[in-house]
Amino acid sequence: MNEAVQNRESEPGQGKVLMVQGTASDVGKSVIVTALCRIFTRAGFRTAPFKSQNMALNSYVTEDGLEIGRAQGIQAEACGIQATTDMNPVLLKPTGEMRSQVVVHGKPHAHLSAAGYREEFLPVAKPLVMEALGRLRHKYDIVVMEGAGSPAEINLKHRDIVNMNLAGWADAPVILVADIDRGGVFAFLVGTLELLEPEERARVKGFIINKFRGDLALLRPGLDWLEKRTGIPVLGVLPFMPDLDIEAEDSVVLDTYSSRPTAGRELDIAVIRYPRISNFTDFDILSSEPDVSLRYVQHADQLGTPDIVILPGSKDTIGDLEFLREQGLERAIREFLEGRRNTRLVGICGGYQMLGRQLHDPEAVESAAPRAAAGLGWLPVETTFLPGKTTIRVGGSTLPGIAGFADSAGRGFPISGYEIHAGRTEPMRNVSDTPVSETVPVFLIREPDGTDRFEGTARKDGRVFGTYLHGVFQNDAWRRSWLNAVRADKGLPPLESQVAADLRKEAAFNRLADHVESHLDMGQIYSMLRP
Numbered sequence: 300m301n302e303a304v305q306n307r308e309s310e311p312g313q314g315k316v317l318m319v320q321g322t323a324s325d326v327g328k329s330v331i332v333t334a335l336c337r338i339f340t341r342a343g344f345r346t347a348p349f350k351s352q353n354m355a356l357n358s359y360v361t362e363d364g365l366e367i368g369r370a371q372g373i374q375a376e377a378c379g380i381q382a383t384t385d386m387n388p389v390l391l392k393p394t395g396e397m398r399s400q401v402v403v404h405g406k407p408h409a410h411l412s413a414a415g416y417r418e419e420f421l422p423v424a425k426p427l428v429m430e431a432l433g434r435l436r437h438k439y440d441i442v443v444m445e446g447a448g449s450p451a452e453i454n455l456k457h458r459d460i461v462n463m464n465l466a467g468w469a470d471a472p473v474i475l476v477a478d479i480d481r482g483g484v485f486a487f488l489v490g491t492l493e494l495l496e497p498e499e500r501a502r503v504k505g506f507i508i509n510k511f512r513g514d515l516a517l518l519r520p521g522l523d524w525l526e527k528r529t530g531i532p533v534l535g536v537l538p539f540m541p542d543l544d545i546e547a548e549d550s551v552v553l554d555t556y557s558s559r560p561t562a563g564r565e566l567d568i569a570v571i572r573y574p575r576i577s578n579f580t581d582f583d584i585l586s587s588e589p590d591v592s593l594r595y596v597q598h599a600d601q602l603g604t605p606d607i608v609i610l611p612g613s614k615d616t617i618g619d620l621e622f623l624r625e626q627g628l629e630r631a632i633r634e635f636l637e638g639r640r641n642t643r644l645v646g647i648c649g650g651y652q653m654l655g656r657q658l659h660d661p662e663a664v665e666s667a668a669p670r671a672a673a674g675l676g677w678l679p680v681e682t683t684f685l686p687g688k689t690t691i692r693v694g695g696s697t698l699p700g701i702a703g704f705a706d707s708a709g710r711g712f713p714i715s716g717y718e719i720h721a722g723r724t725e726p727m728r729n730v731s732d733t734p735v736s737e738t739v740p741v742f743l744i745r746e747p748d749g750t751d752r753f754e755g756t757a758r759k760d761g762r763v764f765g766t767y768l769h770g771v772f773q774n775d776a777w778r779r780s781w782l783n784a785v786r787a788d789k790g791l792p793p794l795e796s797q798v799a800a801d802l803r804k805e806a807a808f809n810r811l812a813d814h815v816e817s818h819l820d821m822g823q824i825y826s827m828l829r830p
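Start counting at 1 in the sequence shown, then tack on 299, and there's your number in our numbering.
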């Protein structure tokens, strides 16, 4: 490592690159890149992540109010730096079958079909990608690049901008990751190599076998065979690591959550998992609270009798609202709120829009054609989707009009979060039930120019509220106060705040880095960075 550190200035203005690719999706590339980012940073390197093209509904707002994939934002945090759009210049946000919103350097560029994206966008994407990578290499000692899916998709390779073509353009050594937990790990690795061109195969400098459960001695003969068969070293076998506490990007991680409440937890929170759920990591911190059972449900028969129902963000709000109705969830939620139970209903972003009376998409911002729909009707607001998108980090305070939204002295709690939405939500004045006079704003937001604005809408009894603020549950003091208000509804005593979101995140980065560093041959990895 010392030699690598000494050599890092050998090419001023041209940082080293290392690329992590996988034999398939969800083999652990993002997590391993996150770990390497923290390991290199702890070793004294100025480090940054890079993924040229990402497809994800979980996005991240940069300090300057632009949108990138959440994984690259989290990886930047692991490096201790501010995320920029150079770390993910192209973001694809699926809006329906075979169609995505294309976000370029943090701003909406176009809505394209899969064929349109390949025919119209990819042929001109190389300069965009390489300029972004070049700026990162000029600023940082090491850029850890992440691939997507598999480099062996032979039907896609000729227009690839995220796997082996990119590795060739950047002259990057490649580490190939495989997931042993899904079986067939040696076939995955050898098969991937067999489908690469000779010059691509030569870029693969090492293997990582991820998510191992069992006796390493039993695996050793296979590792020896693999190295002899390919001539490529196994850099390490990473044991399966439960409870990573690292924000995930792909909603497949939600499969690990039970739809049933956790025994022994006093507060039951059910998040509705509709098909186009976005920014579900908003709720990760809730599962760390000692009294909270956090679960994701898709059908009315999974809902049970929760204390809190959360409608999360959505990339297709009207479509997901239809799903919610088809699954019987609207009827079940209405029975809670109109009955004697103290169930609370919360909507975040798209979920907030659903809580209103009407949704209008006259310019087909979220769909292939104009459409409109009646909302759930719990708040006297309506939403209109418009071209352009609000992406901004915000700060302010809670407003003490709802139980749990003020401290013991009656003051609001400091609050921060971020907004990503195309809709504009406004009060409806001419409604007879739940009129505007029976609602209150939720937050007071301080704008960059020093002015204030109200944000969100809540019923005065606190049982329903909606907000555009993602990340709102990361605010420790308010989160605990609000949960204590729910506890009070159930006749339970309050709990002291025990979870600090920022400290939890830092501890998770270091725990992950320690785990990966202890099981990889870091000497070989550092040797890939030398001239």
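Glycine included, each C-beta is placed from N, C-alpha and C at the ideal position.
V442 and T738 have their alpha carbons spaced roughly 49 Å apart.
Per the DSSP secondary-structure output, Y359 pairs in a beta bridge with I367. Counting the other CB atoms within 10 Å of its CB gives V815 a total of 16 or more, which places it among the buried residues. Within the DSSP secondary-structure output, P726 pairs in a beta bridge with V680. In the three-state reduction of the DSSP assignment, L675 falls in the coil class, being assigned neither a helical nor a strand state. When the five nearest sequence neighbours on each side are left out, the beta carbons in the same chain lying within less than 8 Å of the beta carbon of R337 are those of A377, C378, F808, N809, L811 and A812, in order along the chain. Of the residues assessed, Q313 falls on the exposed side of the cut-off, its CB having fewer than 16 other CB atoms within 10 angstroms. Remark: C-beta atoms of Y767 and E754 approach each other more closely than 8 Å.
For D583, the closest alpha carbon among the candidates V330, V326, V798 and F339 is that of V798. Taking a C-beta distance under 8 Å as the contact criterion, V402 and H410 do not qualify as a contact pair. Beta-bridge annotation (DSSP): P348 is paired with V443.
In the DSSP secondary-structure assignment, P538 is bridged to F511. One alpha carbon belongs to E496, the other to G694, and they sit about 51 Å apart. A buried status is given to R594, since no fewer than 16 other beta-carbon atoms sit within 10 Å of its beta-carbon. Shown here, V570 sits in a strand according to DSSP, grouped into three states.
Under the three-state reduction of DSSP output, N774 falls in the coil class, being neither helix nor strand.
The DSSP-derived three-state label of D583 is helix. Under the three-state reduction of DSSP, E754 is assigned to strand. By the CB criterion at 8 Å, L644 and W677 fall inside the cutoff. Assigned with DSSP and collapsed to three states, D480 falls in helix. Pairing S736 with A413, the inter-Cα distance amounts to about 47 Å. Residue environment analysis places P388 among the buried positions, since at least 16 neighbouring C-beta atoms fall within 10 angstroms of its C-beta.
V570 and G343 have their C-alpha atoms some 41 Å from each other.
Judged by their CB atoms, G535 and L335 are not nearer to each other than the 8 Å cut-off. In this structure, the straight-line span from the alpha carbon of F704 to that of S715 is close to 14 Å. The beta-carbon distance between L356 and K328, rounded to whole angstroms, is 18 Å. This is too long to meet the 8 Å contact definition. Here F487 is buried, its C-beta having at least 16 other C-beta atoms within 10 Å.
Straight through space, the alpha carbons of A599 and S586 are spaced by roughly 22 Å.
Y717 carries a strand assignment under DSSP once its states are collapsed to helix, strand and coil. When only Cα atoms are considered, R559 and G603 end up about 8 Å apart. The beta-bridge partner set that DSSP reports for M318 consists of M444 and V473. In its chain, beyond the 5 residues on either side, P450 and E499 have a beta carbon closer than 6 Å to the beta carbon of M463. Spanning the alpha carbons of G709 and R778 requires a straight line of approximately 16 Å. Annotation: A347 to R829 spans about 17 Å, alpha carbon to alpha carbon.
Looking at P472, T383 and W524, the one whose alpha-carbon comes closest to that of R502 is P472. Distance from the CA atom of E634 to the CA atom of E546, rounded to whole angstroms, is 33 Å.
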